[in-house]
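K.L.:
Read in order, the letters of the sequence shown are residues 402 to 672 in our numbering.
Quick one: the structure is below, questions incoming.
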Amino acid sequence: MSERPEESNKGSAAESLLPIDEHIEEERDAEGRKVRHRGIYLLPNLFTTANLFAGFYSIVSAINGNLYVAAATVFVAMVLDSLDGRVARLTNTQSAFGAEYDSLSDMVAFGLAPAILAFEWALSGMGKVGWMIAFVYVAGAALRLARFNTQIGKADKRFFIGLASPAAAGVVAGTVWAFSDLGIQGSNIASLVALLVAGTGMLMVSNIKYYSFKDLDLKGRVPFVAILVVVLLFAVVFSDPPRILLLIFLVYAVSGPVQYLLQWWRRKRAG
402 MSERPEESNK GSAAESLLPI DEHIEEERDA EGRKVRHRGI YLLPNLFTTA
452 NLFAGFYSIV SAINGNLYVA AATVFVAMVL DSLDGRVARL TNTQSAFGAE
502 YDSLSDMVAF GLAPAILAFE WALSGMGKVG WMIAFVYVAG AALRLARFNT
552 QIGKADKRFF IGLASPAAAG VVAGTVWAFS DLGIQGSNIA SLVALLVAGT
602 GMLMVSNIKY YSFKDLDLKG RVPFVAILVV VLLFAVVFSD PPRILLLIFL
652 VYAVSGPVQY LLQWWRRKRA G
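See below:
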């Protein structure tokens, strides 16, 4: 799947017969020499494609009025998004192509899909104000992902700068899922939904830090009781998925501003 620079022209005749150009990435090996890699890794990109499809399916479902399915599909996309990166790291198949593809898929699944879902459920009755608020969320997700890409390898991996787009999507989709499951019409709480959507959009582009959980050692040994705790957590979530998931993501979204205010208060008292 890799080749030296002097081999880069081999097979060019065969490639010219294809209607799609071959993808080639260039990087340096351990000795500092340029190495060109031909093609892409299949396994992690399959999960990314599934994430992209879940986001697209959520949008189609929302437009067709299947809000329950559209909201649940956003959470399916979160699971798939968490798997593609881990699979790439475990199999040593990370690539620049995969990172960019993942961000584009996240933009659909966690940027466009939740905004359209919220608009179809509650914001459409607000006219221009409604779609402007939905756009604030979409723009926030796009800016959040762009900033994240530029900070890879530079920022502290223990923290996200700004609310991560999957968490923001969890708040919005969880709200629609939980309230529609109770039979509440979005138009009756349109103002509350507008504040929630705009607020999560702004949190994504804020400088507030959120714990990323990336320093957790998932490959090491843990006490036996840990698996019992995991089983209990699964049981709690599946006892009432819409409301439990909404509560989890709301607590996480609020944790950033609360921690920021506590640190500000401590600095003020110390000063």
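Just so it is clear, CB atoms sit at the ideal spot from N, CA and C, and this is done for glycine as well.
Keep in mind it's a predicted model, so treat the numbers as computed, not measured.
Buried or exposed: where does asparagine 452 fall if 16 or more other Cβ atoms within 10 Å of its Cβ makes it buried?
P.N.:
Result: buried.
K.L.:
Tell me isoleucine 562's beta-bridge partners as DSSP assigns them.
P.N.:
Beta-bridge pairing links isoleucine 562 to Lys610.
K.L.:
Which complete beta strand (DSSP E) runs does the segment 566–612 hold, if anything under 3 residues is left out?
P.N.:
Runs found: 610–612.
K.L.:
Span of the alpha helix (DSSP H) holding arginine 644?
P.N.:
642–671 is the span of the alpha helix (DSSP H), which, as asked, contains arginine 644.
K.L.:
Output yes or no for whether 8 angstroms exceeds the beta carbon distance between tyrosine 653 and alanine 568.
P.N.:
Yes. Within cutoff.
K.L.:
Ends of the alpha helix (DSSP H) at glycine 541?
P.N.:
Note, glycine 541: alpha helix (DSSP H), 529–551.
K.L.:
Please list, in chain order, all residues of the same chain as serine 607 whose beta carbon is under 6 angstroms from its beta carbon, the five residues on each side excluded.
P.N.:
If we look at serine 607 and ignore the five residues flanking it on each side, its Cβ neighbours are Gly563.
K.L.:
Using a threshold of 8 angstroms, state whether the C-beta atoms of leucine 518 and alanine 471 are closer than that.
P.N.:
Yes.
K.L.:
Can the beta-carbon of valine 598 be found closer than 8 angstroms to that of isoleucine 553?
P.N.:
For valine 598 and isoleucine 553, no; Cβs fall outside 8 angstroms.
K.L.:
Chain B beta carbons: is any one of them nearer than 8 angstroms to that of serine 613?
P.N.:
Absent from the structure: chain B. Only one protein chain is present.
K.L.:
Within 10 angstroms of its Cβ, does asparagine 465 collect 16 or more other Cβ (buried), or is it exposed?
P.N.:
The residue in question, asparagine 465, is exposed, as its Cβ has fewer than 16 Cβ neighbours within 10 Å.
K.L.:
Taking only the alpha-carbon atoms, compute the straight-line gap between leucine 646 and glycine 575 and give it to the nearest angstrom.
P.N.:
Roughly 6 angstroms between the two C-alpha positions.
K.L.:
State the start and end residues of the unbroken alpha helix (DSSP H) segment that holds proline 515.
P.N.:
It spans 514–519 - the alpha helix (DSSP H) in which proline 515 sits, taken as one unbroken run.
K.L.:
Please identify the residue among Leu505, Asn446, Gly657 whose C-alpha is closest to the C-alpha of serine 613.
P.N.:
Taking only the C-alpha atoms, the option nearest serine 613 is Gly657.
K.L.:
Of the choices Asp485, Arg490, Phe454, whose alpha-carbon is the least far from that of threonine 474?
P.N.:
Here the closest residue by C-alpha is Phe454.
K.L.:
In angstroms, rounded to a whole number, what distance separates the CA positions of leucine 484 and proline 445?
P.N.:
Computed Cα separation, rounded: 8 angstroms.
K.L.:
What residues in its chain sit with their C-beta under 6 angstroms from that of glutamine 660, if we drop five residues either side in the sequence?
P.N.:
There are no such residues.
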